[in-house]
Amino acid sequence: MRKVLLIAAAAALTASTTLAHHSFGATYEVSKSIKLEGAIVQFVYRNPHSFVHVEAPDPSGASQRWAVEWGGTSQLEQAGVKRDSLKVGDKVIINGRPSRVPGEYRVLMVNLTRPSDGFTWGRNAAEVVD
Amino acid sequence: MNARNRIATAALLLVVASATLVNLRLAAQGARPPDIAGEWRLDSAEDPGQPPLADYLGLALNEAGRLRADTTPESIWGTPEYQCRPHSAPHQWRGVGGARILKDLDPISREIVGYRVQFMRSLDRPIFVDGRPHPPAWAPHSWSGFSTGEWIGHTLKVTTTHLKDGYLKRGGPQTSDMLTMTEFITRHDDTLSIVQVVDDPIYLDEPYVLSITYTYDPNAGPPTENCSGSSFAENGGRDRHWVPHFLPGQNSGIGEFLKTQTWIPLEPVRGGVKTIYPEYRAVLNGAAKVDSLTVPVSRSANDIAKRIADQSPRDGQVHVLPIQGNIYMLVADGTNITASVGRDGIAVVNAGSAQMSDKVLAALNDLARSAVGAPTANTCFGANCPGIPSWSSPYFNTVVASPRPARPIRYVINTSAAPEHVGGNEKLAGSANFRRAGGAAGFGGAARDLGTTATIVAHEGVLAAMSTPSGKTPAAPERAWPVDTFFDEFHKLSEYVNGEPVILYHAKAANTDADSFVFFRHSEVIAAGDLFSTISYPRIDTAKGGSIQGVIDGLNHILDLSVAEYRSQGGTWIVPGQGRLSDTADVASYRNMLVMIRDRIRDLKRKGMTLDQVKAARPTLDFDGRYGSSTGAWTTNMFIEAIYRSL
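Going down the list, the protein sequences come from chains A and B. If you're matching positions, the first sequence starts at 1 in my numbering and goes up one per residue. If you're matching positions, the second sequence starts at 1 in my numbering and goes up one per residue.
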């Protein structure tokens with residue numbers, strides 16, 4: 001019985017709740033990385049999470065439309081990211097976590113760099129998508 | 001019994017004991033039930049709603065529930081049809097953000113006739129306490145379901161049916177739309193306790209019991225999480241019909257969190273009723289194997305087979321459900337008929353079986369009389385009232401006493417040549433006496449029996465099927481054949497019917513090579529024909545040109561034309577060939593299932609498996625309890641075979 005109780009307690013301790021409408025750990029392979037280099041085709045600044053859509057090649061070299069999940073508007077605003085911070089056509093480099101689902105072009109933002117002016121996000125400890 | 005269940009049971013007993021004591025006191029005092037309205041702050045949920053991925057500990061998942069959990073990824077939320085869906089009903093009480101309970105009062109008596117509960121990511125959830133019954137099984141399901149409440153002394157017992165499918169917890173475990181939920185809500189001073197019983201025999205071997213505690217806090221009302229999801233898919237790519245899922249064995253999350261917590265065995269984390277009772281200690285101690293355990297399972301009292309069948313009862317009756325605008329759904333002995341009823345007459349999509357024709361006709365005539373021919377009171381007086389020659393009185397009163405007859409059936413549209421859809425063609429079409437342009441001598445009517453029968457409309461493949469003997473089945477009577485056929489991707493009726501365009505869309509190589517669905521464009525209703533059923537897997541006749549991909553394409557086309565009203569529900573209504581009235585989320589759920597099954601069978605076939613081996617691998621296991629059948633005219637094995645042969 002003690003072990004069963006411990007198992008239940010462990011499950012409770014490792015659980016978490018979030019405002020997000022889905023779980024990052026459940027959606028993305030958080031132990032893996034993916035790097036995208038391409039142009040922004042859409043920036044959706046919204047809640048619960050913003051999305052940056054980037055046209056960038058997949059590992060085979062074929063161009064794909066990637067949906068990169070970012071923070072909600074409050075989190076991004078606090079970091080100085082506004083609705084007009086990114087523009088369609090901006091060339092960016094994004095490091096992120098790939099989707100758990102094979103064949104899905106979905107990525108969790110870890111950091112973003114715009115080489116043209118040095119704009120970055122995700123380079124300090126506070127800038128983590130929540 | 002594990003810790004979680006022990007706590008839940010204890011909570012339930014506490015509720016009952018406390019309620020009993022208070023009941024006695026209330027009865028003695030003649031007191032009213034406590035006021036549960038207000039703003040409530042979530043204090044604690046016995047079981048958090050978002051465990052690690054693939055952690056099913058404490059859940060009595062059956063085999064189907066485990067497979068469904070393993071193969072359903074979180075990114076299913078990113079599909080266009082699900083982006084705005086609220087949290088699943090079982091999750092709402094333990095979701096963050098608090099709860100607001102509002103009272104609905106009768107304006108005259110000021111009696112409480114209902115409550116509405118709001119959460120952060122929810123629609124208003126009504127709880128009716130005015131004694132109304134639950135809707136029939138063919139009524140639509142919603143994210144909040146249909147809840148009725150009954151005060152048992154101090155405790156409000158809430159019973160909820162008509163829920164959409166969703167999830168039991170985050171991280172995998174799903175619920176079917178056969179889920180029912182019972183909640184016991186008790187107020188103790190400023191504490192509100194909720195004991196929730198989630199009963200879904202499709203995926204659980206016994207109901208899941210959970211307790212949640214709230215504290216009254218006037219400043220704790222839930223924020224509103226408006227959905228500003230745009231139409232783009234969150235999942236990236238360019239395929240708007242992308243359905244994320246894991247093939248069996250592909251989910252990388254299974255056992256993942258145990259890598260850092262190696263002292264937890266995998267077996268109970270995979271769920272199962274035998275792992276949640278104290279008897280499981282024998283397994284932990286190495287004294288027994290889990291399969292050898294006997295545990296006191298509290299099985300669901302829900303008769304799922306009956307509840308599914310009740311969505312499309314074969315009771316020899318016609319049940320009428322108003323949908324939207326001029327459109328009605330007639331549930332006619334196991335098959336659905338969609339009817340547009342208005343001042344232009346009646347247009348039906350499908351005619352039902354031959355033996356039901358008289359009852360269908362009677363129901364349609366009743367509808368036409370009540371919807372169109374019913375007398376209405378005069379609202380205009382004098383000499384210039386629209387539609388009334390000369391002075392309104394007494395002319396209008398005599399007209400009211402003798403209203404014009406209801407208009408007859410003008411169109412019979414067939415979505416396929418299936419007997420349950422075309423069997424009533426002859427009788428329904430022949431019942432019409434719709435004359436235009438001077439009757440038989442005029443222009444514009446159908447070629448046969450000009451102006452005196454309804455026009456039967458269908459894809460030309462329906463005419464080919466009905467006019468050609470097949471094996472021992474003779475051709476249908478000529479008067480039942482379609483006379484207005486089309487071969488293209490779509491076909492518009494040549495005129496508005498009851499104030500709206502009606503468009504037929506051909507679903508290529510779907511159930512057969514001759515299927516269509518029908519869109520009533522102003523009423524926002526789609527009659528899906530056999531592409532969609534809420535009681536079975538779709539019938540696919542490969543010998544007649546059907547294919548799984550054609551069915552999926554047809555459902556995707558329906559989704560492309562449909563728009564949810566709000567929060568991924570309502571809006572465009574979809575009438576299935578059989579079963580309950582549905583909306584975009586329901587069609588998406590059905591489409592998702594077919595994509596998952598198609599991909600599994602394709603994967604097995606690519607691995608070189610024979611048909612028998614594929615059947616033995618049970619690629620439909622997690623959906624069989626909901627849609628499968630081992631008997632009857634369309635079995636699960638026939639469904640698997642049809643997919644295997646069409647891939």
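Think of the CB as a built atom: it goes at the ideal place given N, C-alpha and C, for glycine as much as any other residue. These numbers were taken from a predicted model, which means no experiment stands behind them.
- Assigned with DSSP and collapsed to three states, M638/B falls in helix.
- Look at R598/B: its C-beta is not under 8 Å from any C-beta on chain A.
- Taking 8 Å as the CB threshold, G249/B stays off the interface with chain A.
- Legend: CB atoms of the segment 157-173 of chain B lying less than 8 Å from CB atoms of chain A belong to residues R170, G171 and G172.
- Its Cα nearest to that of G103/A, the residue R65/A stands out among F51/A, R65/A, T73/A and E127/A.
- For L428/B, the closest alpha carbon among the candidates R404/B, T415/B, I346/B and S467/B is that of I346/B.
- Close to L604/B, with beta-carbon spacing below 7 Å, lies no residue of chain A; the smallest spacing is near 17 Å.
- The bridge partners DSSP lists for Q324/B are I327/B.
- Short of 7 Å from the beta carbon of P173/B, and not among the five residues preceding or following it, lie these beta carbons of its own chain, in chain order: Y56, L59, L61, G65, A69 and Y167.
- Beyond the five residues adjoining it in sequence on each side, Y203/B comes within less than 7 Å, by CB distance, of L61, N62, A64, G65, R68, Q174, T175 and S176 in the same chain, given in chain order.
- Closer than 8 Å at the C-beta level to chain A, one finds these residues of the segment 282-306 of chain B: L284.
- If you draw a 10 Å sphere on the C-beta of V400/B, you find fewer than 16 other C-beta atoms in it, and that means exposed.
- Using a Cβ-Cβ distance cut-off of 8 Å, the segment 34-45 of chain A and the segment 78-94 of chain A are in contact, since at least three pairs of beta carbons, one from each stretch, lie closer than that value.
- The beta carbon of N556/B does not come within 8 Å of any beta carbon belonging to chain A, so the residue lies off that interface.
- Short of 7 Å from the beta carbon of A79/A, and not among the five residues preceding or following it, lie these beta carbons of its own chain, in chain order: W121 and E127.
- Here V587/B carries a helix assignment [DSSP, helix/strand/coil].
- D513/B has its alpha-carbon roughly 27 Å from the corresponding atom of G430/B.
- With a 10 Å radius around the Cβ and a threshold of 16 neighbouring Cβ atoms, C84/B comes out buried.
- Between the C-alpha atoms of T294/B and Q613/B there is a straight-line separation of about 32 Å.
- Close CB contacts of E234/B within its chain, under the 6 Å cut and outside five residues either way in sequence, are with G78 (chain order).
- In this structure, the beta-carbon distance from A417/B to I254/B does not fall below 8 Å.
- If you draw a 10 Å sphere on the C-beta of D358/B, you find fewer than 16 other C-beta atoms in it, and that means exposed.
- For L594/B, same chain residues with a beta-carbon under 6 Å away, outside a window of 5 residues either side, are I552 in chain order.
- For A527/B, the closest C-alpha among the options V283/B, A585/B, Q578/B and A362/B is that of Q578/B.
- For T27/A, the nearest CB of chain B lies under 8 Å from its own CB, placing it at the interface with that chain.
- When DSSP reads this structure, E37/A sits in a beta bridge with I93/A.
- The DSSP assignment places 304-309 and 357-368 as complete runs of the alpha helix (DSSP H) inside the segment 282-369 of chain B, in order along the chain (cut-off: 4 residues).
- R94/B sits buried, since 16 or more C-beta atoms from the chains shown fall within 10 Å of its C-beta.
- Within the same chain, W138, Q311 and T534 come within 6 Å of R580/B by CB-CB distance, once the 5 residues on both sides are set aside.
- Neighbourhood of R65/A in chain B, by CB distance below 7 Å: G236, G237 and R238, in chain order.
- Ranked by Cα distance from P405/B, the options E426/B, E81/B, P375/B and S516/B are led by P375/B.
- When only Cα atoms are considered, I409/B and P576/B end up about 22 Å apart.
- Looking at the DSSP output, S44/B bridges to T213/B.
- Chain-order list of chain A residues neighbouring S402/B: empty, with the shortest C-beta distance near 59 Å, by a criterion of under 9 Å.
- With the rule of 3 Cβ pairs closer than 8 Å, the segment 535-549 of chain B counts as touching the segment 505-521 of chain B.
- Using a Cβ distance threshold of 8 Å, V243/B and N592/B count as a contacting pair.
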